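Per numbering that gives the first Met the number 0, the sequence shown starts with residue 0, numbered consecutively.
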Amino acid sequence: MKDRIVFIGRSNVGKSSIIRVLTGRKVRVGKRPGVTLGPSFIQFGRHTIVDMPGFGFMQGVSRRRQEEIKDFIVRYLENSREIILAVQITDARTFSDIARRWDKRGHIPVEIEMFHFLKEVGLRPILAANKIDNVPVSLRDEMLDEISELLGLGKSWQMTGDIIPVSAKTGEGIGELKRKIRERIEGV
Ligand SMILES: Nc1nc2c(ncn2[C@@H]2O[C@H](COP(=O)(O)OP(=O)(O)OP(=O)(O)O)[C@@H](O)[C@H]2O)c(=O)[nH]1
Ligand SMILES: [Mg+2]
């Protein structure tokens, strides 16, 4: 049965924290990046959430190890027949800056690359823009629209239906994320 929902994202964006709030289960969360090293599995109703290690830059982790982790994630996503959906988590406030910095250096921003990859392999990704509590309310629409454009989803984040602003800290948007996950896995 296809019953796995994978949570992926750069290190330290709050994947484990969101899973903790969504499921009420104790999941290891940390201040330092690289807390989640192997995938871990958390029951979510009839489904299983897979908490993946974070990819991309991590302080104190060698570049080679970072590449290994990314390769592991990509291979897991390509080969597992049990995955029904992917939820990509990002840090709402820093997404655009980081993406532009990579772009300037002539690299494809890793989060954008990952989002496209998830689409290509048919995992219908939802983007949870986490830590929205760090963004002043008056700036949120602008910031989310920018994320939407950078991901190639169009100018208005609200029109996409793929972007959900959330905060694992305040609980904001978690209900909406839960609804969106249920909507996507229903009947599959
Ligand atoms: N302000 C704020 N901080 C958050 C939020 N969600 C998580 N954090 C903090 O971000 C840090 C990283 O959280 P984790 O949940 O461990 O992040 P992760 O993505 O699982 O990290 P790795 O396992 O290392 O890939 C912790 O210090 C959390 O308390 C949020 O919504 N708002
Ligand atoms: Mg984690």
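A virtual CB, placed ideally from N, CA and C, is assigned to each residue, including glycine. Given the structure is predicted, the values throughout are model-derived calculations rather than measurements.
At least 9 Å separates the beta-carbon of P124 from that of Q65. The beta carbon of I146 lies closer than 8 Å to those of T89, A91, F94, S95, L126, A128, W156, I162 in the same chain, with the five residues before and after it left out. Here K130 is buried: its Cβ has 16 or more other Cβ atoms, across all protein chains shown, within 10 Å. Uninterrupted beta strand (DSSP E) stretches at least 3 residues long and entirely within the segment 107-136 occur at 125-129, given in chain order.
When rounded, the separation of the alpha-carbon atoms in R24 and I184 is 21 Å. By the 16-neighbour rule on beta-carbons within 10 angstroms, N133 is exposed. By the Cβ-count criterion, L84 is buried, with 16 or more other Cβ atoms from all chains shown falling within 10 Å of its own Cβ.
Sequence-distant partners of R99 (beyond 5 residues in either direction) whose C-beta falls short of 6 Å from its own C-beta are missing from its chain. Under the three-state reduction of DSSP, A167 is assigned to coil, being neither helix nor strand.
With a cutoff of 8 Å, K177 does not count as near ligand 1, since its C-beta is closer than that to no heavy atom of the ligand. Under the 10 Å beta carbon count, P135 is surrounded by fewer than 16 other beta carbons and is classified as exposed. The DSSP-derived three-state label of G8 is strand. Annotation for Q65: the continuous alpha helix (DSSP H) segment containing it runs 62-78.
If you check the CB distance, L152 and V165 do not come in under 9 Å.
Look at R45 here: in three-state DSSP terms it is coil, with no helix or strand label. Partner residues in a beta bridge of S16, as assigned by DSSP, do not exist. Between V12 and L76, the gap from beta carbon to beta carbon reaches 9 Å or more. In terms of Cβ geometry, I68 and F56 do not form a close pair [threshold 9 Å].
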